[in-house]
Structures are given as C-alpha cells and as structure tokens.
Amino acid sequence: MSKSSSIDSARRTLGRQLRSLRESAGMTGRALAQAAGWHESKCSRIENGRAQPSDSDITTWATLCGAEDQTEDLLNAAHGIHVMHREWREVEQDGLARVHTAAYPDWEGTRMYKGYAQCMIPAPLQTEDYTHTVLSALQKRRQIRGGPRPEPDDLEAALQNRLHRKKLLLDPDREFHILMEEAALRHLVVDQQTMIEQLAHLLQATGLESVRLGIIPQTADRTATWPVEDFWIFDERQVRIELVSAFLQITQPSETRLYRETFDELATQAAYGQQATLLIVSALTDLASKG
Numbered sequence: 001m002s003k004s005s006s007i008d009s010a011r012r013t014l015g016r017q018l019r020s021l022r023e024s025a026g027m028t029g030r031a032l033a034q035a036a037g038w039h040e041s042k043c044s045r046i047e048n049g050r051a052q053p054s055d056s057d058i059t060t061w062a063t064l065c066g067a068e069d070q071t072e073d074l075l076n077a078a079h080g081i082h083v084m085h086r087e088w089r090e091v092e093q094d095g096l097a098r099v100h101t102a103a104y105p106d107w108e109g110t111r112m113y114k115g116y117a118q119c120m121i122p123a124p125l126q127t128e129d130y131t132h133t134v135l136s137a138l139q140k141r142r143q144i145r146g147g148p149r150p151e152p153d154d155l156e157a158a159l160q161n162r163l164h165r166k167k168l169l170l171d172p173d174r175e176f177h178i179l180m181e182e183a184a185l186r187h188l189v190v191d192q193q194t195m196i197e198q199l200a201h202l203l204q205a206t207g208l209e210s211v212r213l214g215i216i217p218q219t220a221d222r223t224a225t226w227p228v229e230d231f232w233i234f235d236e237r238q239v240r241i242e243l244v245s246a247f248l249q250i251t252q253p254s255e256t257r258l259y260r261e262t263f264d265e266l267a268t269q270a271a272y273g274q275q276a277t278l279l280i281v282s283a284l285t286d287l288a289s290k291g
C-alpha cells in the first residue's frame, strides 16, 4: 500500500464514521453545515475523505449529532492519521532506522503480544538474513537513504532494531501469540537458501515457551474470515498496522476492539502444535526439493 493510498483509506474510514453519525441523527449534510456555520461543501469533503477534519470540527460534528460519547474515539482516529503523516515523513527524510526506533517503546513496554502476518514471516521470528534482505529491498524500493545525505549505516541500524525484537522472545515474563498464513511459509521474498534457513529457524521457535504459533492452512474455509493487513496488538490496548514502510498506530477503543475480535476469529482458523509443525515441514520439504 502506498503512502497516499494508506492515508486516503484512513481518511475515508473516518469520513464514513462521521457520515453514519449524521445519518443516525437524521440530518442532511446541508443542515449539519448550516448548524455548524460551515460552507455547504465541507461536510461532503470530510465524509468522502477529501478533507481532514480538525479537532474542533470533530467535536462540533459529534455534539450536533448527539453523539458526544463518541468524540474521544473519533479524535483518536483523526490523530492516528496525523501520526501516519508524521511517520512517513520520518521514513522518507530520516531513514529506516528512525521509524523502527519510534516503534521500540511499544515493543519494550508490552507483556502480551498478538501478531498476524499475511505473506511474510513476522519480525520477531525472522532470521538476520531474512530481515536484512527484506529491509534492503524496502530501502531500494522506497529510495530511502537515511535523510538528505545518504547514511550507509541506516540499514544496519534498522536491522539491529528489528533483531532486538527476537530477544524479547526469550523473556519469560512476555507472551507471544502469533498467527500467520501458510502463504508466508511459501512466498519467496528472499533467496531459496535464506528461506530454507528461515523455515528451519521457525521450527526451532515453535519450541519457545513464550511463543504460541498458529498457522492458517491454505485449505482453511475463509468464507467468514478473510486475510487482512499485517498487524500487532500490544497488551490489548494498542494496535500497530505494518504498511509498506511505516506503521499506523491505533489506540481508540472501538478500533482496537475490532482488531482483537479479528485476531480471535483468525485464531479459530489456525493450526497449532504438531499440525503447525507439519505445515512448516511441508513448506521446507517442498522448497528443498526444488534444488
């Protein structure tokens, strides 16, 4: 997902929430604009994601619609969009290391982690070579060079930050419940040998006491629960969605609840224990047989 599409999608989602409040209150866009003292087109632009509402706009909107109890959630959603803007600028101007450092407090300060990955191995379970290849490709694709002046150590600094997450797996006071699609075991986003080593490492990780690994088989019935974007839930209080080279932070209760519910639904589709091990072994065997 590109920077602009990520931000536009978040704005449209917020706009739909505001439209729903207006319609539930039985107000037209024109009536709401008149009551708020706005130009007639302002409501339409906000609802369609073409304009970012200010805190004052959101507070006024919720009050006029008789939904003051939803003001905090709406403000948090809007602030999340501002965070996305800021973190993209940090990535593009200051490099990969900066945005990974920004995520560090969330990882360090959490005790219960829930993560989902659609097509790549989740960061804490990656080998160093797998992580290096992924970050290097990302750096080249986004033309990220660590600021206005190229910083050759930017990639290495980001790599070390990502690898630190692996050490958290060894902390007995932390719990990781990680879900991934079986496709993540088979997508060759790295070279064959690196992927073989990655799958072997994943087998070892399944034996860690802090890790509960669930793999959703490609044959699972997905009519009710589709694959979604990669995300992490930190202590049930915060969600970080991993985009191409940035992170969207969600803290509003209604939104974090949706991700918790989605995670629980995905977990019912996953294979655990010996069944998960067999899926990893199958992917490893198929890959090794290609020679």
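Numbers 1 to 291, taken from the UniProt record's numbering, label the letters of the sequence shown in order. No residue lacks a Cβ here, since even glycine has one placed at the ideal position from N, Cα and C. Note that the structure is a prediction, hence the values are computed from the model and not measured.
Own chain partners of residue i with C-beta closer than 8 Å, once the 5 adjacent residues on each side are dropped
i, result
"residue 150", "Unreliable positioning characterises residue 150 in this predicted model, as indicated by a pLDDT of 45, which lies under 50. The coordinate reading is nonetheless provided below. So no residue of the chain qualifies."
"residue 288", "196"
"residue 259", "231, 233, 239, 250"
"residue 190", "129, 130, 133, 134, 198"
"residue 309", "Any property of residue 309 remains undetermined from this structure, which presents the chain solely from 1 to 291."
Proximity to residue i [Cα-Cα], best of the options
i, options, result
"residue 364", "56, 47, 19, 49", "Nothing in the structure corresponds to residue 364, since the chain is present only between 1 and 291."
"residue 160", "193, 96, 58, 287", "96"
"residue 165", "136, 111, 199", "111"
"residue 8", "34, 28, 50, 118", "50"
"residue 194", "257, 134, 267, 24", "134"
"residue 108", "17, 171, 266", "171"
Within 9 Å, strictly: CB atoms of residue i and residue j
i, j, result
"residue 263", "residue 106", "no"
"residue 163", "residue 128", "yes"
"residue 80", "residue 249", "yes"
"residue 62", "residue 14", "no"
"residue 120", "residue 187", "yes"
"residue 118", "residue 229", "yes"
6 Å Cβ shell around residue i - same chain, five flanking residues per side excluded
i, result
"residue 208", "169"
"residue 212", "177"
"residue 132", "159"
"residue 60", "36"
"residue 241", "229, 231, 248"
Inter-residue CB distance, residue i and residue j (contact presumed, cutoff 8 Å)
i, j, result
"residue 294", "residue 252", "Nothing about residue 294 can be reported from this structure: the residues present for the chain run from 1 to 291 only."
"residue 113", "residue 72", "Not quite, the Cβ-Cβ distance comes to about 25 Å (not below 8 Å), so this is no contact."
"residue 205", "residue 284", "Between residue 284 and residue 205 the Cβ distance is about 13 Å, and since that is not below 8 Å, they are no contact."
"residue 198", "residue 130", "5 Å"
Close Cβ partners of residue i (< 7 Å) along its chain, the five nearest in sequence each way excluded
i, result
"residue 68", "62"
"residue 100", "158, 161, 162"
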